[in-house]
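The listed protein sequences correspond, in order, to chains A and B. Basically our numbering = 1-based index in the first sequence + 1. Basically our numbering = 1-based index in the second sequence + 73. See structure below.
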Amino acid sequence: MGSAFIPAYQVLAPPHTEPGPELHITVVFTNFDDTKQALQAAANLASGLRADIDLVVPEVVPYPLPLVRPAVPPGFTLRRLMNLAREADVQASIYVYLCRDQVQTLLQVLQRQSVVVLGRRKRWFPTKPMLLARALRKRGHQVILVKCRKNLM
Amino acid sequence: MQKKSHVTEPQRVSATTVVVASTVMLSFISFWRAAAIVLSDLGSSVYYAGGIAEQAIGRSAPWFIVGVMLFSFAVRSIYMESSSMFVRGGVYVVVRDAMGPFIARLSVSALLFDYVLTGPISSVSAGQYLGRLINEITGLLKLQFQISPNQFAVFFAAFVTIYFWWANIKGLHESSGKALRIMQITTVMVAIFLIWCTLTLIIKGPAQVPPPPTPSNLTFSEEGLGWFKGTVWPTIPVVAIIIAFGHSLLSMSGFETLAQVYREIASPKLKNLYRTGNIVCAYALISTGGITLLASFIIPDAVRKEYVENLLGGLAMYLAGPELLRLAFHIFVVIVGVLILSGAVNTSIIGANGVMNRVAEDGVLHPWFQKPHRRYGTTYRIINLITILQLVTVVASQGQTYLLGEAYAFGIVWSFFLKALSVLVLRYQRHDQEYKTPFNIKIGKYEIPIGLAATTLILFFVAVANLFSKRIATISGVSFTLILFTIFTISERMGHAKKAKNGLEQFNLDMRPDISNDTIHVRPGSVLVAVRDYNRMDHLHSVLQKTNTRKIDIVVMTVRGVSSAGTGEYRLSEQQLFTDYERELFTRVVTMAEKEGKTVHLLTVPGVNPFDAMVQTAATLQAARLVTGVSARMDPEELARRIGQAWERLPEPRHPFSLEIISPGRPSIFVNLGPHPPRLWPEDVDLVHNMWLELSDDFGSKLHHRDVIGVALQRMNKELHANGERPNVLSDIKEELSHREKKP
């Protein structure tokens with residue numbers, strides 16, 4: 002039991018042609034500014050490791066709307082995310098999940114002990130990415146919080 | 074990630090392709106969560122319903138609020154009956170099905186009026202609580218600074234509306250977890266109120282007892298009578314009670330969410346909806362009804378007029394105990410109020426936007442409204458329109474919740490009435506109600522729905538009474554409804570809007586080069602159900618009813634027939650594998666599964682021979698059981714034999730599983746595929762046992778039943794292959810088969 006979610010849309014990056022261990026770094030979408038910087042940080046981390054980068058977007062659909070009818074059409078979201086990955090110069094696989102609850106969805110879709118990168122702003126109070134990181138760490142994931150600067154886009 | 078490990082090079086070059094179709098049904102919510110979601114809408118009325126009703130009908134208003142909360146159990150039954158027919162049925166869908174598009178457009182206009190007013194009444198009420206708290210604090214601190222609560226409420230409401238307008242334009246939404254946390258805090262507040270109020274009544278005794286809800290105790294205000302003023306009608310006791318009831322009905326707003334969450338409620342769906350409805354109504358009765366009543370016992374009549382706009386704030390300040398503690402609780406009450414009421418503003422914008430998009434999909438709203446925002450992709454024109462209407466309403470109300478509350482009840486009562494009438498009409502049009510509103514009398518073959526008809530009639534009388542007793546509501550409500558209705562009608566006549574696609578489910582298709590448990594995320598030991606004809610799916614219904622999906626997964630597959638040339642060098646396209654027929658078929662599957670509240674995994678597999686495709690899929694998924702229905706073209710035994718032959722064609726090692734063939738109204742046929750222990754006839758079991766008893770005297774405890782069968786089989790095998798004996802063996806088997814057919 003838990004929050005309903007639906008694996009909605011995905012864009013897959015080309016796989017590595019050389020054989021080797023499959024390592025994935027997962028960037029969780031927070032907002033466009035911070036995610037762009039998180040993607041770049043993940044790319045730096047992945048270089049040399051031949052790791053794939055996955056951008057996971059848990060898109061919350063609020064309750065008055067049916068889960069299959071989000072406020073923003075998933076196709077539109079997907080196009081924006083593809084542009085974001087292009088701007089960040091990162092080849093990432095993008096997964097958009099329509100869901101009711103962000104944390105519950107991430108806990109269901111992330112593989113055990115995933116390496117997760119999250120963008121965050123420096124604030125004196127606990128922000129959403131910090132709370133999310135805490136929840137993911139509790140479940141055994143390795144979370145890297147990337148400090149983001151304003152207006153990079 | 075669940076999917077990424079499958080995106081490897083060798084799989085991408087494979088020519089065989091399967092389609093994994095997924096829709097919304099990956100998991101369901103518990104009835105507790107569903108109740109919390111409904112209550113986050115319905116519970117907010119505790120902050121304003123009591124005060125508004127008291128201004129309109131006088132001191133006996135709390136009893137009417139309690140009466141409305143009791144009546145909500147009847148309305149709950151109507152929503153349950155409607156949901157048992159329409160898994161995804163809001164007011165619009167139900168009314169359209171029962172009474173056609175004309176009345177449906179009227180009902181959706183009333184619903185939108187309700188949504189548009191939810192925002193202003195909630196935000197203005199929150200502003201009133203906040204403004205009056207500020208005055209309370211400055212008064213205690215002996216400061217000269219005092220604000221006008223009405224002006225502050227307008228300012229605050231405009232600020233909250235604009236804040237949520239921007240959030241909706243950007244399409245950013247909070248997780249449902251936040252609404253649940255607000256409900257948890259609200260529950261804490263309600264519990265404190267109930268305990269503290271009880272203690273106050275014990276310590277100080279009631280300041281007064283509200284007069285019973287009799288016609289003689291009703292003191293209607295001028296606005297409370299509206300066009301009834303000066304007529305004979307309010308002097309008629311029944312009419313007076315109905316008018317008073319109409320002024321209290323706004324405490325029941327938010328029921329529409331019950332229909333919206335039904336789709337996501339877990340199995341057993343209807344039972345859980347029943348529980349959800351009961352929790353919601355009981356909670357509302359205790360919180361909205363109970364607290365309003367307690368306020369009328371505790372806040373002295375002489376000062377209660379000062380607290381009509383912030384009844385709970387007043388109640389907090391008149392509890393027994395030190396002033397500082399009361400003030401602290403007052404602050405807590407206001408914080409909870411601001412949270413829950415602001416949440417309702419957001420819900421109103423989202424809900425109205427959702428309803429307008431829904432009617433646009435149905436072809437009754439011009440596509441101009443649906444133009445997506447250039448940067449954020451949201452339907453900004455609809456959001457702008459809703460926000461402008463809400464801001465105009467906020468300013469026009471001048472910060473008085475009373476005016477807003479009166480108008481608000483218009484939308485609520487008419488959408489309730491039209492829904493109830495539709496469910497009543499459907500009682501005679503359809504016969505698939507899994508739940509019926511109680512109190513039905515059967516006379517011969519006719520059923521008279523006393524409970525449903527009585528509830529509909531009460532709602533009708535209240536709606537009509539409201540038309541005359543609430544001038545502002547009627548003028549604004551009718552104008553709004555007519556304007557929207559005209560827009561809908563013109564849009565439809567212009568024919569610009571696209572028509573809905575016959576209500577077919579939109580599936581997300583995932584083309585996969587092969588099948589595995591990881592591909593479709595099912596555990597080994599699943600039940601694989603083969604479907605082809607959407608008019609013959611009794612077997613799926615049976616599996617859905619019997620299977621506990623927490624332990625066993627259900628995979629529903631259909632075989633897309635292809636010629637042997639189609640499986641060769643070129644990969645089949647999505648359109649070839651998932652045609653409109655598969656979409657229709659899977660839509661029916663999803664509807665059945667939703668009704669049971671069970672998750673199913675959908676799969677389309679191309680195949681030259683459907684039996685091979687079914688068996689190969691079952692083996693690959695390591696299914697425990699393959700279930701099919703009966704075929705119109707072959708009897709069940711032949712079907713079992715063909716599937717058995719397909720199993721024999723599987724490469725070694727073959728995964729054993731059982732086959733179940735379900736025919737409606739007959740016992741299922743079970744066949745174990747592959748080597749398996751036989752199920753012996755009872756008389757054969759007796760025979761083996763008697764032989765074992767006879768032989769065990771010679772061999773002692775070492776001899777088992779299996780040894781007896783083993784020897785018998787070896788001897789038979791020897792005879793079968795010995796010269797001249799084979800015809801005798803075959804003749805014995807023939808006799809056994811004819812004997813078996815006579816067995817029951």
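We put the CB at the ideal spot given by N, CA and C, even for glycine.
In angstroms with no decimal places, state the Cα-to-Cα distance between B/Glu798 and B/Asp805.
Position 725 of the second sequence, counted from the start, is the residue given in the question as residue 798 of chain B. Position 732 of the second sequence, counted from the start, is the residue given in the question as residue 805 of chain B. Near 11 Å, if we compare the C-alpha coordinates of B/Asp805 and B/Glu798.
Compare the C-beta of B/Glu667 with all C-beta atoms of chain A and state if any pair is closer than 8 Å.
Mapped onto the second sequence, residue 667 of chain B falls at position 594. Chain A, which has no Cβ nearer than 8 Å to the Cβ of B/Glu667, makes this no.
For a contact defined as C-beta to C-beta under 9 Å, what are the partners of B/Pro445 on chain A?
By one-based count along the second sequence, residue 445 of chain B stands at place 372. Going along chain A in sequence order, the residues near B/Pro445 (Cβ under 9 Å) are Val73, Pro74 and Phe77.
Can you tell me whether DSSP reads B/Leu397 as helix, strand or coil?
Translated into the one-based positions of the second sequence, residue 397 of chain B becomes position 324. It is helical.
Please list, in chain order, the residues of the segment 26-47 of chain A that have any C-beta partner in chain B closer than 9 Å.
Thr27 and Asn32
Taking Cβ-Cβ distances below 9 Å as the criterion, which residues of the segment 424-443 of chain B are in contact with chain A?
Gly424, Ala425, Asn426, Gly427, Val428, Asn430, Arg431 and Glu434
Please identify the residue among B/Thr330, B/Phe490 and B/Phe561 whose C-alpha is closest to the C-alpha of B/Ser156.
Here residue 156 of chain B refers to the residue found at position 83 of the second sequence. Closest option to B/Ser156, Cα to Cα, is B/Thr330.
Going by C-alpha distance, which of B/Ser118, B/Met764, B/Val496 and B/Pro750 is nearest B/Val409?
Here residue 409 of chain B refers to the residue found at position 336 of the second sequence. With distances taken between Cα atoms, B/Val409 lies closest to B/Ser118.
Run of the beta strand (DSSP E) containing B/Thr677, from where it starts to where it stops:
On the second sequence, position 604 is the one that residue 677 of chain B refers to. Per DSSP, B/Thr677 belongs to the beta strand (DSSP E) from His674 to Gly680.
Does any residue of chain A bring its CB to less than 8 Å from the CB of B/Asn241?
What you label residue 241 of chain B is simply residue 168 of the second sequence in a count that begins at 1. Yes, contact with chain A.
Using beta carbons (cut-off 8 Å, strictly below), is A/Gln143 in contact with chain B?
Residue 143 of chain A sits at position 142 when you count from the first residue of the first sequence. Answer no: the Cβ-Cβ gap between A/Gln143 and chain B never drops below 8 Å.
Which chain B residues are close to A/Val104, counting only those with a beta carbon under 8 Å from its beta carbon?
Counted from its first residue, the first sequence places residue 104 of chain A at position 103. What A/Val104 touches in chain B: Ser248 and Gly250.
For B/Gly244, which residues from the same chain have a beta carbon less than 6 Å from its beta carbon, with the 5 sequence-adjacent residues on both sides left out?
As a first step, residue 244 of chain B must be located in the second sequence, where it is residue number 171. Cβ within range, chain order: Tyr449 and Thr451.
Does the Cβ of B/Thr287 have 16 or more other Cβ atoms within 10 Å, making it buried, or fewer, making it exposed?
As a position in the second sequence, residue 287 of chain B is number 214, starting the count at 1. B/Thr287 is exposed by the Cβ-count criterion.
Strictly below 9 Å CB to CB, what residues from chain B border A/Val61?
What you label residue 61 of chain A is simply residue 60 of the first sequence in a count that begins at 1. Neighbours of A/Val61 on chain B, chain order: Leu245, His246, Glu247, Ser248 and Ser249.
Determine the burial state of A/Arg101: buried for a count of at least 16 other Cβ atoms within 10 Å of its Cβ, exposed for fewer.
Taking the first sequence and counting its residues from 1, one reaches residue 101 of chain A at position 100. The residue in question, A/Arg101, is buried, as its Cβ has 16 or more Cβ neighbours within 10 Å.
Relative to the alpha-carbon of B/Leu525, which residue among B/His320, B/Gly773, B/Tyr121 and B/Phe144 has its alpha-carbon at the smallest distance?
Counting from one through the second sequence, the residue named residue 525 of chain B turns up at place 452. When only C-alpha atoms are compared, the closest one is B/Phe144.
Cβ-based burial, A/Gln103 [other Cβ within 10 Å; buried from 16]
Residue 103 of chain A sits at position 102 when you count from the first residue of the first sequence. Looking at its Cβ environment, which holds 16 or more other Cβ atoms inside 10 Å, A/Gln103 is buried.
According to DSSP, B/Met630 sits in a beta bridge with which residue or residues?
Sequence index remark: in the second sequence, residue 630 of chain B carries index 557 (1-based). B/Ala603 and B/Leu676.
Tell me whether the beta-carbon of A/Val61 lies closer than 8 Å to the beta-carbon of B/His612.
As a first step, residue 61 of chain A must be located in the first sequence, where it is residue number 60. As a first step, residue 612 of chain B must be located in the second sequence, where it is residue number 539. Cβ atoms of A/Val61 and B/His612: not closer than 8 Å.
Determine the direct distance from the alpha carbon of B/Lys215 to that of B/Phe232, and round the result to whole angstroms.
Residue mapping note: residue 232 of chain B aligns to position 159 of the second sequence, counting from 1. Residue mapping note: residue 215 of chain B aligns to position 142 of the second sequence, counting from 1. Whole-angstrom Cα-Cα distance: 28 Å.
Measuring straight from C-alpha to C-alpha, what distance separates B/Ile235 and B/Thr460?
Translated into the one-based positions of the second sequence, residue 235 of chain B becomes position 162. Translated into the one-based positions of the second sequence, residue 460 of chain B becomes position 387. Spanning the two alpha carbons is a distance of roughly 8 Å.
Residues in the same chain with beta-carbon distance under 8 Å from B/Ser488, minus the five sequence neighbours each way, listed in chain order, please.
In the second sequence, the residue the question calls residue 488 of chain B occupies position 415. Correct list, in chain order: Val164, Ser180, Ala183, Leu184, Asp187 and Glu329.
State the DSSP-derived secondary structure class of A/Cys100, mapped to helix, strand or coil.
Your numbering for residue 100 of chain A matches position 99 in the first sequence. In the structure shown, A/Cys100 sits in a strand (DSSP, three-state: E or B).
At a CB distance below 8 Å, what residues from the segment 330-351 of chain B approach chain A? Give them in sequence order.
Thr330, Gln333, Val334, Arg336, Glu337 and Ala339
Can you tell me which of the three DSSP states B/Val305 falls into?
The residue you call residue 305 of chain B lines up with position 232 of the second sequence. B/Val305: coil per DSSP, three-state reduction.
Shorter than 8 Å from the beta carbon of A/Phe130 to some beta carbon of chain B?
Residue numbering aside, residue 130 of chain A sits at position 129 when the first sequence is read from its first letter. Before going further, note that residue 130 of chain A is Pro rather than Phe in the sequence given. No, A/Pro130 lies away from the interface with chain B (no Cβ there is under 8 Å from its Cβ).
Is DSSP giving B/Ile806 helix, strand or coil here?
As a working mapping, residue 806 of chain B is identified with position 733 in the second sequence. Here B/Ile806 sits in helix by DSSP.
Tell whether a beta-carbon distance below 8 Å holds between B/Val437 and B/Arg178.
As a working note, residue 437 of chain B is residue 364 in the second sequence. As a working note, residue 178 of chain B is residue 105 in the second sequence. Going by C-beta atoms, B/Val437 is nearer than 8 Å to B/Arg178.
Please decide whether A/Arg70 counts as near chain B, where near means a Cβ-Cβ distance under 8 Å.
Mapped onto the first sequence, residue 70 of chain A falls at position 69. So yes, A/Arg70 belongs to the interface.
8 Å is my cut-off, CB to CB: does A/Leu85 come that close to chain C?
Of the chains in the structure shown, none is chain C; the protein chains are A and B.
Can the beta-carbon of B/Pro135 be found closer than 8 Å to that of B/Leu366?
Counting from 1 along the second sequence, the entry for residue 135 of chain B is found at position 62. Counting from 1 along the second sequence, the entry for residue 366 of chain B is found at position 293. Yes.
Do you know how far the Cα of B/Ala425 is from the Cα of B/Ser326?
By 1-based counting over the second sequence, the position of residue 326 of chain B is 253. By 1-based counting over the second sequence, the position of residue 425 of chain B is 352. About 15 Å.
Closest Cβ-Cβ distance between B/Ile627 and chain A: below 8 Å?
Looking up residue 627 of chain B in the second sequence gives position 554. Cβ-Cβ to chain A under 8 Å: no for B/Ile627.
How is the alpha helix (DSSP H) around B/Ser248 delimited, first residue to last?
Along the second sequence, read from residue 1 onward, the residue named residue 248 of chain B stands at position 175. Per DSSP, B/Ser248 belongs to no alpha helix (DSSP H) and is neither H nor E.
By a C-beta neighbour count over all protein chains shown, 10 Å radius and 16 as the cutoff for buried, is B/Gln471 buried or exposed?
Translated into the one-based positions of the second sequence, residue 471 of chain B becomes position 398. Exposed, since its Cβ has fewer than 16 Cβ neighbours within 10 Å.
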